[in-house]
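Worksheet for the structure shown next.
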Amino acid sequence: MPQHHTIFFLGATGFLAGDVLHLLGRDYPNYHVKALVRNPTPERVAKLKQLHPNLTVVEGDLNDAQLIADQAATADIVINSASSDHWPSVKATLDGLEKNAASRSSDPPLYIHISGCGIISDNIRGEKVENPKFWSDIGLDLKDCDQSNTHLESDIPIVAAGTRKENPIRSIIIYPGQIYGVGRGVQKTTLWLRIFMDYAKRVGYVGTWGRGFNAQNTIHVEDMAAAVLFIFKAAVEGRAEEGANGLYFAVTDKILSYGEWTKLMGDHLYSKGVVKEPGCKPMSPEIVEPLGNYGWSLLGGNLFAKADRLARMGWKAVESSKVSLMDNLPEAIDAALEDDRPYVHIS
Ligand SMILES: NC(=O)c1ccc[n+]([C@@H]2O[C@H](COP(=O)([O-])OP(=O)(O)OC[C@H]3O[C@@H](n4cnc5c(N)ncnc54)[C@H](OP(=O)(O)O)[C@@H]3O)[C@@H](O)[C@H]2O)c1
Ligand SMILES: *[C@@H]1O[C@H](CO)[C@@H](O)[C@H](O)[C@H]1NC(C)=O
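For the sequence shown, the residue numbers in mature numbering (1 follows the signal peptide of the UniProt record, and there is no 0) are -18 to -1, 1 to 329.
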């Protein structure tokens, strides 16, 4: 592969992306990162350039299909850390990458997509389960997942693009567990914390989907970004498994139930006067039903994963064994409270 590469990066201002860009800036400073950014204020752009020295901004939104397809058609690598549930932007990316692959069939472009463990939800609606199923990423076939689960709408076509006979691309999908920690990028706090902050401010307490016995594997953002870089490096060096085998769970074996961390979150927000009661309790149907199956499946199910592929390659989490999600949660909440932007827009 040539010395200089162009990476088209979706979601550069996001939480995970901040730590990933920092590592890319450290280890791949001469790669050119073209970051799709909506609302590229001078402050946001300056922060991005601090993370990576050879970063330029392409102003645009995930709904700008033509722009995304054009960028994907000319990049060597596309990394998507923007949304695991925005099919139009993934379709535009795949369209562009297909043209790209057709124009350079001996050296097809690489697509690294960040998805999530929502694909393996058991849809238990917050209830207790005796013997939960643990999923391995080795031998994983997306067709074995409950097809009503989140993320599959994009992930199945990505694997198809990575395995087709005509103009295949090089596809890799990474599945983070519940990412925690305070990030070093533009967005300091993790997506799920912002979602739960948003609900807590609206309803006056910290709530769960159902009784909150459901749980998932956790991972510190520094480990998560290191896992992405580890896979990126292997792919650039031609050592990574791709296509049908290019599915990587990125989790530690530390599992935490929603009931446990929401209780701590409720106590902390109560001590700050943000909510009216400490602890947590199930949210009422009027509150949770508008998010429908998306909410129930992703936030009310068990997502039990084993990062077997990364382990086989010799990857180990470091920071997660020093600082747990519970250790970090108060600090992360305080960072979210300091941010004056709206957390997320939940319809
Ligand atoms: N955080 C977790 O625990 C976790 C766990 C599993 C999977 N994941 C997945 O990992 C990925 C990154 O997560 P994250 O926590 O880093 O998310 P995040 O902080 O919300 O970052 C999302 C990024 O995408 C950008 N974006 C969103 N909608 C856009 C639009 N319409 N047009 C242009 N840009 C848009 C955001 O830009 P703005 O700055 O302009 O908003 C931001 O840069 C997501 O796919 C997520 O589902 C996350
Ligand atoms: C930045 O990327 C461009 C395009 O790949 C490359 O030509 C240039 O050498 C890079 N600059 C630095 C400082 O690495």
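Backbone N, C-alpha and C fix where the C-beta goes; we use that ideal spot for every residue, glycine too.
For residue i, which beta-bridge partners are listed by DSSP?
{"i": "H14", "result": "T(-13)"}
{"i": "A197", "result": "S239"}
{"i": "G189", "result": "K263"}
{"i": "I96", "result": "I156"}
{"i": "W117", "result": "A287"}
{"i": "N62", "result": "L(-9), H95"}
{"i": "L229", "result": "I155"}
{"i": "H4", "result": "Bridge partners of H4: none, in fact."}
{"i": "T38", "result": "K16"}
{"i": "I161", "result": "I201"}
Would you say residue i faces chain B, with C-beta separation under 8 Å as the test?
{"i": "N36", "result": "Going by chain labels, chain B is absent from the structure shown, which holds only one protein chain."}
Can the beta-carbon of residue i be found less than 8 Å from the beta-carbon of residue j?
{"i": "P91", "j": "A57", "result": "yes"}
{"i": "G108", "j": "G194", "result": "yes"}
{"i": "P158", "j": "A83", "result": "no"}
{"i": "N105", "j": "A197", "result": "no"}
{"i": "A287", "j": "I140", "result": "no"}
{"i": "A182", "j": "V300", "result": "no"}
{"i": "L18", "j": "F(-10)", "result": "yes"}
{"i": "R291", "j": "I120", "result": "yes"}
{"i": "T132", "j": "L280", "result": "yes"}
{"i": "residue 330", "j": "V60", "result": "With the chain represented from -18 up to 329, any question about residue 330 goes unanswered, as that position is not in the structure."}
{"i": "E80", "j": "A143", "result": "yes"}
{"i": "R294", "j": "V168", "result": "no"}
{"i": "G225", "j": "T145", "result": "yes"}
{"i": "K236", "j": "C262", "result": "no"}
{"i": "G277", "j": "G192", "result": "no"}
{"i": "A209", "j": "A216", "result": "no"}
{"i": "C127", "j": "F231", "result": "no"}
Suppose the cutoff is 8 Å on Cβ atoms and the five residues either side in sequence are ignored; what does the same chain contact list for residue i look like?
{"i": "A318", "result": "K170, T171, L175, R176, M179, Y325"}
{"i": "G165", "result": "F(-4), L(-3), G(-1), D1, T171, T172, V203"}
{"i": "S130", "result": "N105, N275, S279"}
{"i": "D52", "result": "G78"}
{"i": "V305", "result": "G163, H202"}
{"i": "M308", "result": "L238, E242, W243, L246"}
Using C-beta distances below 6 Å, list every residue in its chain close to residue i, excluding the 5 sequence neighbours before and after it, in chain order.
{"i": "L211", "result": "L5"}
{"i": "residue 335", "result": "There is simply no residue 335 to check, as the chain begins at -18 and stops at 329 in what is shown."}
{"i": "G163", "result": "H202, V203, N310"}
{"i": "H250", "result": "P312, I315"}
{"i": "A207", "result": "D1, V2, L5"}
{"i": "V15", "result": "I(-12), F(-10), H34, L37"}
{"i": "L229", "result": "D119, L122, I155"}
{"i": "residue 330", "result": "The chain is shown only over -18 to 329; residue 330 falls outside these bounds and no answer can be derived."}
How would you call residue i, buried or exposed, if buried means at least 16 neighbouring beta carbons within 10 angstroms?
{"i": "N12", "result": "exposed"}
{"i": "T(-6)", "result": "buried"}
{"i": "D205", "result": "buried"}
{"i": "Q160", "result": "buried"}
{"i": "D214", "result": "This sequence places Phe at residue 214; Asp is not what is there. So F214 ends up on the buried side."}
{"i": "S153", "result": "buried"}
{"i": "D137", "result": "buried"}
{"i": "residue 330", "result": "The question about residue 330 has no answer here: the residues shown for the chain are numbered -18 through 329."}
{"i": "H95", "result": "buried"}
{"i": "N113", "result": "exposed"}
{"i": "N199", "result": "buried"}
{"i": "T75", "result": "buried"}
{"i": "G186", "result": "exposed"}
{"i": "H(-15)", "result": "exposed"}
{"i": "residue 345", "result": "Outside the shown range of the chain (-18 to 329) lies residue 345, about which nothing can therefore be said."}
{"i": "F116", "result": "exposed"}
{"i": "G241", "result": "buried"}
{"i": "G255", "result": "exposed"}
{"i": "S66", "result": "buried"}
{"i": "G296", "result": "exposed"}
{"i": "S88", "result": "exposed"}
{"i": "S303", "result": "exposed"}
{"i": "M(-18)", "result": "Per-residue confidence for M(-18) stands at a pLDDT of 48, beneath the threshold of 50, marking its modelled position as unreliable; the derived number appears in the next sentence. With fewer than 16 Cβ atoms within 10 Å of its Cβ, M(-18) is classed as exposed."}
Within its chain, find whatever has a CB closer than 7 Å to the CB of residue i; leave out the 5 residues flanking it on each side and keep chain order.
{"i": "Y252", "result": "E259, P260"}
{"i": "V188", "result": "F178, A182, T244, M247, G248, L251, V257, C262"}
{"i": "W69", "result": "E135, S136"}
Heavy atom of ligand 3 less than 7 Å from the Cβ of residue i, yes or no?
{"i": "Q48", "result": "Ligand 3 is absent from the structure shown, which contains only ligand 1 and ligand 2."}
### Query
Listed by chain order, which residues have C-beta atoms less than 5 Å from any heavy atom of ligand 2?
H(-15), N12, H14, N36
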